[in-house]
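Everything below concerns the one structure shown next.
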Amino acid sequence: MRVFFTHGAQVVSQPINVEIASIGHIYPDNSVCLPYVGPAQDIALEAINEQYDHLFNFSITYIFDRKLKSCVDVADNAADLVSRWYYKKRSANSIPALVFPSCTDTETYAVNQLAASHNLLMITGVATHYVLMNKTQSPTFLTVGHSSSSSYLQFYRAVIPLFNWRSVFILAVQYTGAGLSYVNIARTAVRAISSLPHQMLTVKFISEVFTATRLQQVLEQFRSISRVMLCFGRAEVVRALLIAKRAFQSLLVVRPVDFNDTLTEVRGFTTAELSRRARSEYNFSLTLTGQPLVNLISPFLAINLLGQPFLLMHVKSNLIVNLSSVTWVDNRPWPPSNEPQCGYTGRSGRCEAANSGPASSIALIVICAALGPACVIVALLRCYGYFGNTLTDQTWWLMENHIIPRASHFQGQNIIW
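Read in order, the letters of the sequence shown correspond to residues 18 to 434 in our numbering.
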């Protein structure tokens, strides 16, 4: 990633251009196609452009090929799409960045290799890849994605043997619109489970327009070969299955983590505005009821993350100007202090001085509490004559008096027996 420092003598009036490339396909067959995520990204772009008083000029270019009609096609040609934009279409005077939803982890991995080699900032909005955890291979890769097919793959590969399930029935609903991701995840689960030893796997695909009779047929087939069903579909499908067969008494729901949907304060980021933009600018019908909110928030957050303000060096006064407040972990004060209150080792004199008063008071109370009973015991012992002058009296605490040594005279010398 590039970091720019400007000297006061070199400041110019032209804004700094940041050119964002967002790759994908334009056919509305799922919730990560460009017509679906485009309105959310455009709203975020307008929001971050308003933050900087024309110091930065953020623009976005959608990179696609009409011949690429699916997520698989885009994944296979992702490197070519990015290369054509980087070397031929982008402006040489702009700061390049890659911000795109990413259909699959295969696409993410391919683009990450180019981003790492060209030192390009890369932010994915939906799909991610476990290579993100290896910063030697992903030095410029960030994500706000909520879904990783490799994560699902690892989950099913682990949970099936955990319960010793040998016969698994997979039911996937084939949606025609934004729900195509259910089929993709189902295929990921099939690959994961098929690799397990001694596993009998049955896969069934049904249309999103189903009837109770159709579900009964699926359930009869399921009951004849398995007792473990993995259902990939929306909530209404699971509900219909539970109603159709009340014998289901165990339900395990696996789903992506929900985003906090408290984005209503963002101007323009509403379901009505998203639907309007999708229809007028992308020729895509995005109904209010057909919006999986999580796949709309993710692309918005990806663009918003790129324009997130922190600190700015004022070029005239050489002072740090705080553009906006930064929320630290667990609402702790920002910024963190350079040194802990008690020092790096916890032995600072500040803490010792602060704690000396209470510590001295506690010590005095403990000493007084201990001396009081001791004085009472000594007084009682003196009262009963336990402190005599004889050796026996001085050793009153011995249990057996016959073992107490006595002093005797032997050849003019004192010997202790």
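We treat Cβ as the ideally placed atom computed from N, Cα and C, and that holds for glycine.
Here Ala-95 is not bridged, per DSSP, to any residue. Between the stretch 229–236 and the stretch 282–298, the count of Cβ pairs shorter than 8 angstroms is below three; the stretches do not touch. The alpha-carbon separation between Arg-101 and Phe-81 amounts to approximately 10 angstroms. In this model, Leu-313 and Arg-251 are separated by some 17 angstroms (Cα to Cα).
Secondary-structure assignment with DSSP links Lys-221 through a beta bridge to Leu-188. Assigned with DSSP and collapsed to three states, Asn-348 falls in helix. By the Cβ-count criterion, Met-139 is buried, with 16 or more other Cβ atoms from all chains shown falling within 10 Å of its own Cβ. Under a 10 Å Cβ-count criterion, Tyr-299 is classified as buried, with 16 or more other Cβ atoms of the shown protein chains found around its own Cβ.
Apart from sequence neighbours up to five positions away, the residues of its chain that approach Cys-88 with a beta-carbon distance below 6 angstroms are Cys-120 and Thr-121, ordered along the chain. The C-beta separation of Leu-188 from Phe-249 comes to about 7 angstroms, placing the pair in contact by the 8 angstroms criterion. Ile-112 carries a strand assignment under DSSP once its states are collapsed to helix, strand and coil. Counting of Cβ neighbours within 10 angstroms places Gly-366 among the exposed residues, the total staying below 16. Of the candidates Pro-214, Arg-83 and Val-245, Val-245 places its Cα closest to the Cα of Val-220. Distance from the Cα of Leu-323 is smallest, within the candidate group Thr-141, Ile-43 and Arg-83, for Thr-141. In terms of Cβ geometry, Leu-303 and Tyr-53 form a close pair [threshold 8 angstroms]. In this structure, the alpha-carbon of Ile-202 lies about 28 angstroms from that of Pro-156. Closest in C-alpha terms to Ile-37, from the list Val-255, Val-176, Tyr-103 and Ser-315, comes Tyr-103.
Around the CB of Asp-97, fewer than 16 other CB atoms lie within 10 Å, so the residue is classed as exposed. From the listed residues Tyr-79, Asp-90 and Val-128, the smallest Cα separation to Arg-107 is found for Tyr-79.
Annotation for Ile-33: the continuous beta strand (DSSP E) segment containing it runs 33–40. Distance between Ala-257 and Gln-238, taken at the CA atoms: about 16 angstroms.
If you draw a 10 Å sphere on the C-beta of Pro-56, you find 16 or more other C-beta atoms in it, and that means buried.
Separation of the CB atoms of Met-217 and Arg-183 is rounded to 6 angstroms, and the pair is thereby assigned contact status at 8 angstroms. Of all alpha-carbon atoms in Ile-223, Tyr-192 and Leu-179, the one lying nearest the alpha-carbon of Leu-213 is that of Leu-179.
With at least 16 other beta carbons inside 10 angstroms of its own, Ala-209 counts as buried.
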